[in-house]
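Residue numbers (this note's numbering), protein chains in the order written: chain A, 1 to 778; chain B, 1001 to 1156.
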């Protein structure tokens, strides 16, 4: 049996099943300990499963189980990925049992949730698996009935031989089918004959969610387990110096207080082994409340870090990185970025002769945009369960990238990968945050140290002040117009702490003769990480606002202006390596123009802003309809047009887009994290503003481009252009352009924003701030 | 010993009277349907009913709940068939799902007090419940749906 990307084999019995060349009967009792959680399988499940490819198991009485390979964090892969298998398998979706798969990269692929990759990466392997199993079942029936396999049809979990009138369930042939070698290159179904893919199916875990069943990492419980929390420094740039635990240790329920080191000096970290605080102070006790109380009794001395060297082997190979000492403050970070922006930067792409174009320009338009750190604030804070002994390790919890974290975990606890079992729970949000696994490593080291099963819990404060934020960004956009207001040059120079956001080969690269993109970076000890549509979530705000302003200066409709540029990029593209398809980009703009009634008189009552963006292989465009409500800007309605290729589960996909729109409005209006002397100034949800029900739009109208293209990403692409569309609608609503994110959070953008000063624009200080009204407080 | 009545069942727990109801539910009684999100009554993930009122269990001391009627998501209905739960499934509301038990518990009090809520009523009642995935529009839809189901049920 062949599967892609066999990184390493895992457990001996799984190995033997691979070596057997075909399917293998595995009794439930043997399988059970490898299942992510027995509760998902539930009582009353059959005890005999025949495995047909790694994704499908069938019982003699025709229960069809499909394993979801990828961690679920709300993108609904528990439903959509098995739907793909069911389609090719010709299973009856209503009767399919879905289960979270074990961590097993040999059988189940990369198992990485992130980069809007789940459906895109699994589309082919899952179709192949479903189709192969269908062929194996058909072949088994052909042998049994002694008829040609070609005369057998499969439908809804049944096999039929019309000539002889014979029929049977998949279950009847599962045993025989499992012994047949997995065929390769089976012909897949035509898109037009799909009946599961493209139909809206409900979330398979819906009932468990609405009845409060234990699905999440934080819900995991094992008899005898303890609760641990980590006390980390109050500021970035600080570390543990010494502590006195005598009082804390005496608190009720407390069993252990100790410090430990996450990575030893010189440890070679993988790319996502972000370390924010390496010396961790751990409190272990009976209940979360006991531990929280004991933490208050700790007497701890912290001290500033020195410049610290880290060895990281990531996507760019092995690198020595110096994390600078210092206690950073938001105000000085903005000032530093502004200073650095004046210095030369790395040229990322250059087409034509931008210098001359700008020299000859009749008009130059220059605007600078900024954005602060953002905290992911997944609703479920970081946590992990670990039970590590000298012989083996079980770790259970929310994790987007088990395959990336396992090698590091193995090194840290000194066990080979085959002795480690990672179980993936449903995640209470991810947004990139759980691609980092420090909390899994910490839990494992704590369990190893105390020789007991333990659940590590981050309080919201711990979670929000740990870092791994969306970076801080700044970018200056310049456009050169000739005397006829033609765009003859385009220049973007972007920077950030600690990385810039520039995607040099994306639109409008390819559409302008003279083009220059540059980037620079400032190191920092504030740790950053992937945040829903990394980099794009800033670019789409800045670039799409700038294009709007440009269109206005040129006297053009903002959609028509973009379409003109895309026409140029299609017919006579400038430069090489343009990452986007001008056709698909234009198609979402055309679609949103039509669906939103862009030019219709009845929509004039709205202040409309448009933006579009390409990222993660997909295309998204939004029209945001803003009004003033109680004197405040409010997004009442949004039209979204998306091209992500074939949509697996349409209603669920719409939910995802609606969520991205709400998330985009929320973060563009309010999102931001600031620091004073290294300490985050927001440490809980009463200080960090997240969009609430009252601020959500009334309508988000979602349309998908139907082009039959293999699926591309959906979790991220709709998010970035919301920022730009909102900014453009704000201008229509208030008459003032917004350059600094967040647009309506005075404590951040007005205090720290530097862009207005750079561009000598009128500030937006007089803009009324939306009031935070208290909800119905119980 | 503190006596508790949760979902119509009697429990006696030996805990610090200051311990919030949330942690008694989650860590002592192994009822994890009620979620921890912030610990400061700002996100609503921990919402339960105390004598019929929606309260944030993360700031409700267990002593306050002693001998009172507590209902959690596990006890909202015997079989997950409360109109809100059915409506939530019908509208397929959840993304990650973490906040949804708190959302449903808040909505249940709203529906009891206002059987036919307007969007404004919903926005007001639900503004204390955060959803980081942004399912607010579907939550509104599901509450209206549940209100309709409740009305139809009442007619029968």
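Ideal Cβ placement from N, Cα and C applies to all residues, glycine included.
- Sorting A:72, A:470, A:206, A:412 by C-alpha distance to the C-alpha of residue 260 (chain A) places A:412 at the top.
- Annotation: the continuous beta strand (DSSP E) that includes residue 49 (chain A) extends over 48-52.
- Residue 489 (chain A) has its alpha-carbon roughly 11 Å from the corresponding atom of residue 363 (chain A).
- Residue 313 (chain A) sits in a strand when the DSSP states are folded into three classes.
- In this structure residue 1064 (chain B) is exposed. Its beta-carbon is surrounded by fewer than 16 other beta-carbon atoms within 10 angstroms.
- Residue 397 (chain A) places its beta carbon less than 8 Å from that of residue 220 (chain A).
- No Cβ-Cβ contact shorter than 8 Å links residue 701 (chain A) with residue 613 (chain A).
- Residue state for residue 616 (chain A) is assigned as coil, using DSSP reduced to three classes.
- For residue 663 (chain A), the chain B residues whose Cβ falls inside 9 Å of its Cβ are 1132, 1133, 1134, in order along the chain.
- Contact of residue 308 (chain A) with chain B is not assigned, every C-beta pair being separated by 8 Å or more.
- When A:623, A:605, A:646 are compared, the shortest CA-CA separation from residue 629 (chain A) is found for A:605.
- For the 8 Å CB-CB criterion, residue 1062 (chain B) and residue 1020 (chain B) form a contact.
- Rounded to whole angstroms, the gap between the alpha carbons of residue 278 (chain A) and residue 345 (chain A) is 32 Å.
- Look at residue 163 (chain A) here: in three-state DSSP terms it is coil, with no helix or strand label.
- Under the 8 Å criterion on CB atoms, residue 1051 (chain B) is classed as non-interfacial with respect to chain A.
- Residue 1045 (chain B) has a beta carbon lying within less than 8 Å of a beta carbon in chain A.
- For the stretch 1019-1034 of chain B, residues whose beta-carbon sits nearer than 9 Å to a beta-carbon of chain A comprise 1019, 1020, 1022, 1023, 1024, 1026, 1027, 1028, 1030, 1031, 1032, 1033, 1034.
- Counting along the chain, residue 288 (chain A) sits inside the alpha helix (DSSP H) bounded by residues 288-296.
- By the neighbour-count criterion, in which 16 or more other beta carbons inside 10 Å mark a residue as buried, residue 663 (chain A) falls on the buried side.
- Under DSSP, residue 282 (chain A) forms a beta bridge with A:230, A:258.
- Per DSSP, residue 413 (chain A) has no beta bridge partner at all.
- Excluding residues up to 5 positions away in sequence, 78, 79, 98 lie with their Cβ nearer than 7 Å to the Cβ of residue 204 (chain A) in the same chain.
- In the three-state reduction of the DSSP assignment, residue 63 (chain A) falls in the coil class, being assigned neither a helical nor a strand state.
- Secondary structure note for residue 1061 (chain B): it is in no alpha helix (DSSP H), with a DSSP letter that is neither H nor E.
- Under DSSP, residue 1049 (chain B) shares a beta bridge with B:1054, B:1071.
- Taking 8 Å as the CB threshold, residue 1137 (chain B) lines the interface with chain A.
- Between residue 401 (chain A) and residue 435 (chain A), the C-beta gap is smaller than 8 Å, which places the two residues in contact.
- With respect to residue 230 (chain A), residue 281 (chain A) sits close: the two C-beta atoms are nearer than 8 Å.
- In the three-state reduction of the DSSP assignment, residue 243 (chain A) falls in the strand class.
- With its beta carbon at least 8 Å from every one in chain A, residue 1008 (chain B) lies outside the interface.
- The beta strand (DSSP E) runs lying completely inside the stretch 374-434 of chain A and spanning 3 residues or more are 383-388, 393-397, 420-424, given in chain order.
- Boundaries of the beta strand (DSSP E) around residue 1004 (chain B): 1002-1006.
- Membership of residue 1012 (chain B) in the beta strand (DSSP E) is indicated by the continuous run 1009-1013.
- In the assembly as shown, residue 146 (chain A) is an exposed residue. Its beta-carbon has fewer than 16 other beta-carbons within 10 Å.
- About 11 Å separates the beta carbon of residue 169 (chain A) from that of residue 154 (chain A), a gap too long to meet the 8 Å contact definition.
- According to DSSP, residue 368 (chain A) shares a beta bridge with A:476.
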